[in-house]
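These notes concern the structure reproduced below.
Number of protein chains: 2
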Amino acid sequence: MSKVAPTLEDVARVAGVSRATVSRVVNGTRNVDPDIQETVRNAIEQTGYSPNRAARSLVTRRTGTVALVISGAGGGSDVFTDPFFGRVTAGVVDHLRGHSVHPVLMLADSDPARTEVVDFLRQGSADGALLVSTHPDDPLPARLVDAGVPSVLYARPGRPMPISYVDMDHRAGGRMAADHLVASGRYNITTISGPMDVLASQDRHAGFRDAMARHGFPYVPTAEGGFTAESGAAAMHRLLTECPDLDAVFAANDLMAQAAVDVLLEHGLRVPDAVAVVGFDDSAPALACRPQLTTIRQPVEKMAAQMADLLLSDLEKPGQRPRSVIFEPELVVRASA
Amino acid sequence: MSKVAPTLEDVARVAGVSRATVSRVVNGTRNVDPDIQETVRNAIEQTGYSPNRAARSLVTRRTGTVALVISGAGGGSDVFTDPFFGRVTAGVVDHLRGHSVHPVLMLADSDPARTEVVDFLRQGSADGALLVSTHPDDPLPARLVDAGVPSVLYARPGRPMPISYVDMDHRAGGRMAADHLVASGRYNITTISGPMDVLASQDRHAGFRDAMARHGFPYVPTAEGGFTAESGAAAMHRLLTECPDLDAVFAANDLMAQAAVDVLLEHGLRVPDAVAVVGFDDSAPALACRPQLTTIRQPVEKMAAQMADLLLSDLEKPGQRPRSVIFEPELVVRASA
DNA sequence: CCTTCGTTTTACAACGTTGTAAGTGCGCTC
DNA sequence: GAGCGCACTTACAACGTTGTAAAACGAAGG
């Protein structure tokens with residue numbers, strides 16, 4: 001700043017009242033004479049005053065800031081290649097606006113020694129944490145609970161612990177995919193799962209297999225992917241080798257589904273005529289894919305907003321019991337199956 | 001927090017020294033006896049002390065935080081659908097880590113009355129701003145300069161002003177696309193531009209047209225798009241109507257290029273056999289597209305990191321003259337042209 | 001006219017940190 | 001052995017805000 005920022009003191013001097021009165025006007029507290037309010041407001045205008053955040057949080061013990069932590073995602077730089085994290089971010093940012101709360105973005109690598117995030121919160125740099133943790137053995141949720149930091153998780157924690165979270169019924173999503181493929185008359189149904197050390201992948205897969213079994217398909221050829229396009233393509237190749245006459249694939253996310261479609265097309269297998277493909281998430285690649293993907297919608301933005309909302313309410317009145325909100329998936333039928 | 005956080009005072013009592021000494025140990029200042037250092041460190045360990053950020057910034061006038069502002073992008077929720085912003089975010093976050101500086105994510109709508117962002121910075125909530133402003137008439141850069149907030153822009157400002165920025169030679173990018181298409185023997189070359197109220201679009205287009213003119217093509221059929229897939233598809237349709245025998249399209253970003261490829265394919269026009277397509281950015285859709293896109297690479301992550309670096313250096317020693325760093329584009333030849 | 005009671009305002013003490021001026025020893029020099 | 005740096009440590013005053021207890025001020029009641 002060229003000139004030093006005006007303080008409460010300055011405003012008080014100009015308005016001819018005490019600091020406390022100005023403070024009360026700024027914070028909209030009652031018990032201040034309308035005339036004086038007017039005077040003070042003018043003084044604020046005139047001085048160009050705006051309250052100092054640090055001083056305020058020093059006494060209120062609130063920062064107006066929450067940490068948005070993306071945990072367990074490798075080194076970092078490529079995280080936002082996956083549309084999922086972008087959607088989470090969008091949902092959170094969108095909901096937080098208007099509540100005058102701002103998200104601080106943090107990438108936490110899985111190295112347990114790195115205490116960056118917990119430190120950040122223990123320093124009182126943020127009032128709470130929104131944690132998108134990909135691996136169930138991530139130590140971060142437990143640490144946050146231990147530190148008594150108000151937190152909300154995206155996806156249930158790996159071990160039961162007293163913490164709020166938002167999640168989706170991934171099993172139901174898997175079931176829907178199975179039901180749809182069976183109902184459309186497919187017989188040689190296969191699947192590309194997500195990484196099996198991720199709860200959501202396990203659930204989607206379990207739901208899918210259960211439903212398949214119930215439909216009379218006890219064995220489902222499965223190739224494990226890593227939620228990336230490359231891994232999806234590789235998995236598709238493996239499936240084609242194991243099961244050359246497959247006529248359907250359920251991929252655990254859209255990125256892999258899209259890659260699978262490409263591989264099938266390269267093999268001269270038309271989608272959906274020869275092979276039906278169902279994705280998961282309903283994110284941008286589902287629409288960009290040709291044919292457009294039939295997929296299981298995960299309302300990521302809504303879930304992220306809900307996550308933010310839970311945290312805000314927890315900050316509003318502390319000490320509430322942990323809560324969870326589970327969202328339902330939805331089958332979106334497009335061209336690929 | 002279950003128990004109240006320990007303060008410097010507490011550590012000092014345990015270690016049997018004064019607050020100032022503890023402070024010096026924490027901040028690694030010289031002039032403290034090794035033995036005492038040891039004692040203090042133990043006391044810190046024992047009490048689980050971690051310094052209070054608010055108190056610290058109150059006196060240092062530093063927050064260890066910068067604002068990452070995405071400005072001019074409509075309402076907000078869909079911003080992260082465009083891979084561009086995700087890449088910027090990734091680049092910034094990645095560079096800031098390890099400097100113990102954290103980014104606060106802010107979406108600024110174009111409504112000039114909303115002073116949220118400037119207020120945030122004037123409150124001293126962040127030490128500086130990284131601004132990704134899409135429209136040249138965005139009032140935010142000027143306001144930041146006026147407020148004396150250390151700031152760095154992604155892309156040059158609409159009007160000249162004393163502010164640092166990072167940019168790319170978009171004209172050169174446009175030229176590269178033209179050169180490549182002409183060199184590969186195309187004759188009926190068309191283009192889908194970006195929104196013409198965006199400087200980058202203007203530059204890419206100008207560079208492209210200049211080069212085309214130099215190659216002896218004074219008129220280039222042009223359809224304006226909006227950097228989204230839908231607008232790209234619509235633009236492609238218009239071009240096909242105006243110029244049914246086109247044999248090449250240069251699209252101002254990959255999202256539109258991908259959509260264009262889809263439209264061409266639907267019209268039975270094979271890519272690149274019948275029509276060559278060149279994109280711009282080299283982002284995820286370029287690789288996901290079939291055929292994979294020949295495109296002009298914009299090193300977004302590097303540019304974002306550079307932007308962060310400029311800001312950090314400005315915070316390090318204030319009062320430096322504004323600087324700019326211009327990156328060169330690069331032609332990436334894949335299958336589509 | 002003196003209490004008593006609201007309402008509004010003020011003065012003052014936090015909040016937890018850093019930086020600076022003022023100590024406190026301690027080993028030297030002369 | 002008194003004086004003097006030097007290395008280290010300690011009080012103490014900021015920093016800008018909020019919350020609270022006390023004070024001022026009328027108005028109403030006795």
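Protein chains in written order, with full-length UniProt numbering: chain A, 1 to 337; chain B, 1 to 337. We put the beta carbon where it would ideally sit given N, CA and C, even for glycine.
From the DSSP secondary-structure annotation, give me the bridge partner or partners of residue i.
i	result
V263/B	DSSP output for V263/B lists no bridge partner at all.
D281/B	R297/B
S71/A	A108/A, S133/A
I189/B	A248/B
T65/B	H102/B
L331/A	I296/A
When the Cα atoms are used, what is the spatial distance from residue i to residue j?
i	j	result
P299/A	M168/A	9 Å
T243/A	L181/A	For the sequence presented, residue 243/A should be read as Cys rather than Thr. Rounded to the nearest angstrom, the two C-alpha atoms are 17 Å apart.
T134/B	M161/B	16 Å
P141/B	T21/A	35 Å
G185/B	R270/B	16 Å
L310/A	G64/B	27 Å
R175/A	G268/A	29 Å
D35/B	D281/B	57 Å
R122/B	R114/B	14 Å
Please check if any C-beta of chain B sits within less than 8 Å of the C-beta of residue i.
i	result
F80/A	yes
A304/A	no
S2/A	Any answer about S2/A is weak, because its pLDDT of 43 lies below 50 and its placement is not dependable; what the coordinates show is given next. Yes, contact with chain B.
V93/A	yes
L312/A	no
M161/A	no
T89/A	yes
L144/A	no
R53/A	yes
H102/A	yes
V86/A	Residue identity differs from the one stated: residue 86/A is Gly in this sequence, not Val. Yes, contact with chain B.
R97/A	yes
L58/A	yes
T65/A	yes
A229/A	yes
S50/A	yes
With H, G and I counted as helix, E and B as strand and the rest as coil, what does DSSP make of residue i?
i	result
T134/B	coil
I36/B	helix
A276/A	strand
F250/B	strand
E224/B	strand
D169/A	coil
H102/B	strand
T89/B	helix
T7/B	coil
G232/A	helix
F208/B	helix
S184/A	coil
Tell me which same chain residues have a C-beta within less than 7 Å of the C-beta of residue i, skipping the five on either side of it?
i	result
Q306/B	V166, V325
M212/A	A178, I189, V220
S23/A	L8
M196/B	Q202, E224
V333/A	T294
F80/A	G86
T47/A	P6, D10, V11, V14
Any beta carbon from chain A within less than 8 Å of residue i's own beta carbon?
i	result
P221/B	no
Q258/B	yes
V117/B	no
V249/B	no
Q123/B	yes
D262/B	yes
S290/B	According to the sequence provided, residue 290/B is Arg. The question's Ser does not apply to it. Cβ-Cβ to chain A under 8 Å: yes for R290/B.
M106/B	yes
P285/B	yes
S23/B	no
Spatial neighbours of residue i within its chain, please: CB distance less than 8 Å, with the 5 preceding and 5 following residues excluded, ordered by chain position.
i	result
M106/A	A67, L68, V69, I70, E116, V117, F120
V145/B	S151, M161, P162, I163
L246/B	N188, I189, T190, P221, L239, L240, V275
Q37/B	V25
P51/A	L8, V26
Beta-carbon within less than 6 Å of residue i's beta-carbon, same chain only, minus the 5 sequence neighbours each way: which residues are those?
i	result
G279/A	A251, D254, A257, A286, L293, T295
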